[in-house]
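Numbering (UniProt numbering), first residue to last: 1 to 444. Cβ atoms here follow ideal geometry from the backbone N, Cα and C, with glycine treated the same way. Predicted, not measured: the structure shown is a model, and the values here were computed from it. Okay, so here's the structure we're looking at.
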């Protein structure tokens, strides 16, 4: 077969049709994920291609992380005669800068009609660079269709994103609250955790009544997440007749133990004094009561309201002295050993024989005890003296079967736990493991 000259083949290919199916497959393969990392001529050419709506419609994931600190050495290549002519006729193309990169991306955004994942990393960008137009254009172009959003960088880079805040409120009200409310006839447990500065007030303000809600957990910084706590108050009040399990971890963030933030949380706790149905009839209560007297007084009030029903009590992140421990457990100490408090978790300033005497006397039916002790691990001699003194006290009638002790941020050694168990005859398990063997600890 005679060989066809290349010039003729190049002319003939213009008349050969392209299978649309394979054409789209090729575009999907090439443009499904676009990663913008370098600020150079290759990125510039790629963004020019993406201005074509047909090409842009095949992008599903866009990653923008310009690495401005990584400069590749320029390799000198002798320009061809055609490149020299193009430069002479069209003029020198200015080098791609971060400003031109952002402007070029903004031109591409409207064509990204099928984008579902949007990721931005701005570690190398100056905190003074204003990204607001960039994000505003992105949200207007494809914000409503996104399934995944990821933003990483210095916080000051994202300091002004008003459109994002507005969008989040809309999502909380129109999507999250609407979804939760749609489950109202059947919802039995609601758990909301947020470690960010996101204000959840709008979410709680739009939640309705849940006739079968038994279990409510909320972990969020009170001073950030609840600038208007009336919605949360209403949730607790309207569902008080069915709620029997409540966990509130509302530790404020910011300056450690900020008195003002703690004060506002303590006052909110005390605001339930006017409605004695709130926190009444609970079986389980876990909460951080602040370091202030107002929060502790509110905790005592809650325990008194559930004195006849409470079986599990966990007081988080506040270290208690012996008098405070006594104040906590006295309201539930009137019940029989088989129907009183079964599980107790406390942070205590010290562990000594007086503490164990008090717990054994007031809570004879306690089955599980978890102690988080302040300070560092005591000297071996001090530990031996503690257990020697405990041996002179009788705990034979105490029904405690499981115990776990933490001190200085870590678990007390198993050898120490075994010495403790010799003083507490009913103990059969450490750390919730179901046994007293080995170092594995799964107690929560």
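Neighbour-count burial assignment, residue i, 16 or more Cβ in a 10 Å radius
{"i": "residue 402", "result": "buried"}
{"i": "residue 407", "result": "buried"}
{"i": "residue 260", "result": "exposed"}
{"i": "residue 430", "result": "buried"}
{"i": "residue 375", "result": "exposed"}
{"i": "residue 86", "result": "Reliability fails at residue 86, whose pLDDT of 48 lies under 50, so the model's placement of it is uncertain and no value is given."}
{"i": "residue 305", "result": "buried"}
{"i": "residue 118", "result": "buried"}
{"i": "residue 409", "result": "exposed"}
{"i": "residue 193", "result": "exposed"}
{"i": "residue 381", "result": "exposed"}
{"i": "residue 126", "result": "exposed"}
{"i": "residue 222", "result": "buried"}
{"i": "residue 183", "result": "exposed"}
{"i": "residue 88", "result": "Confidence at residue 88 is low in this model, with a pLDDT of 46, below 50, so the placement of that residue is unreliable and no value is reported for it."}
{"i": "residue 389", "result": "exposed"}
{"i": "residue 220", "result": "buried"}
Cβ separation of residue i and residue j, assumed to be a contact under 8 Å, to the nearest whole Å
{"i": "residue 245", "j": "residue 207", "result": "Not really, about 18 Å apart at Cβ, beyond 8 Å."}
{"i": "residue 251", "j": "residue 210", "result": "Contact flag wrong, Cβ pair sits at about 26 Å."}
{"i": "residue 57", "j": "residue 113", "result": "5 Å"}
{"i": "residue 373", "j": "residue 350", "result": "7 Å"}
{"i": "residue 53", "j": "residue 111", "result": "4 Å"}
{"i": "residue 270", "j": "residue 228", "result": "Actually they are not in contact, since the Cβ atoms of residue 270 and residue 228 sit about 17 Å apart, beyond 8 Å."}
{"i": "residue 55", "j": "residue 21", "result": "Between residue 21 and residue 55 the Cβ distance is about 17 Å, and since that is not below 8 Å, they are no contact."}
{"i": "residue 151", "j": "residue 108", "result": "Actually they do not touch by this definition, with Cβ atoms about 18 Å apart."}
{"i": "residue 191", "j": "residue 212", "result": "Incorrect: roughly 15 Å between the Cβ atoms, too far for contact."}
Beta carbon of residue i nearer than 8 Å to that of residue j
{"i": "residue 243", "j": "residue 214", "result": "yes"}
{"i": "residue 341", "j": "residue 313", "result": "yes"}
{"i": "residue 447", "j": "residue 62", "result": "The structure shown does not extend to residue 447, since the chain spans only 1 to 444, so no value can be given for it."}
{"i": "residue 167", "j": "residue 203", "result": "no"}
{"i": "residue 400", "j": "residue 366", "result": "yes"}
{"i": "residue 154", "j": "residue 195", "result": "no"}
{"i": "residue 303", "j": "residue 332", "result": "yes"}
{"i": "residue 265", "j": "residue 290", "result": "yes"}
{"i": "residue 418", "j": "residue 387", "result": "no"}
{"i": "residue 338", "j": "residue 393", "result": "no"}
{"i": "residue 33", "j": "residue 65", "result": "no"}
{"i": "residue 294", "j": "residue 267", "result": "yes"}
{"i": "residue 67", "j": "residue 38", "result": "yes"}
{"i": "residue 200", "j": "residue 226", "result": "yes"}
Cutoff 6 Å; reference residue i; Cβ partners in own chain excluding five residues on either side
{"i": "residue 104", "result": "47"}
{"i": "residue 186", "result": "none"}
{"i": "residue 370", "result": "345 and 404"}
{"i": "residue 134", "result": "102"}
{"i": "residue 315", "result": "346"}
{"i": "residue 445", "result": "With the chain represented from 1 up to 444, any question about residue 445 goes unanswered, as that position is not in the structure."}
Residues near residue i by beta carbon distance below 7 Å, same chain, minus five either side
{"i": "residue 360", "result": "395 and 398"}
{"i": "residue 189", "result": "214 and 215"}
{"i": "residue 197", "result": "224"}
{"i": "residue 75", "result": "Note that residue 75 scores 44 on pLDDT, short of 50, meaning its location in the model is unreliable; the coordinates nonetheless yield the value given after this. For residue 75, where only same-chain residues beyond five positions count, there are no Cβ hits under 7 Å."}
{"i": "residue 35", "result": "63"}
{"i": "residue 275", "result": "237"}
Close-in-space but distant-in-sequence residues of the same chain around residue i (CB under 8 Å, 5 per side omitted)
{"i": "residue 421", "result": "403, 427, 430 and 436"}
query = Pairing CB atoms from the stretch 137-151 with CB atoms from the stretch 171-190, are three or more of them under 8 Å?
reply = The count of Cβ pairs closer than 8 Å, one atom from the stretch 137-151 and one from the stretch 171-190, stays below three, leaving the stretches out of contact.
Does the pairing of the stretch 269-280 with the stretch 314-323 give three or more beta-carbon distances under 8 Å? These segments do not touch.
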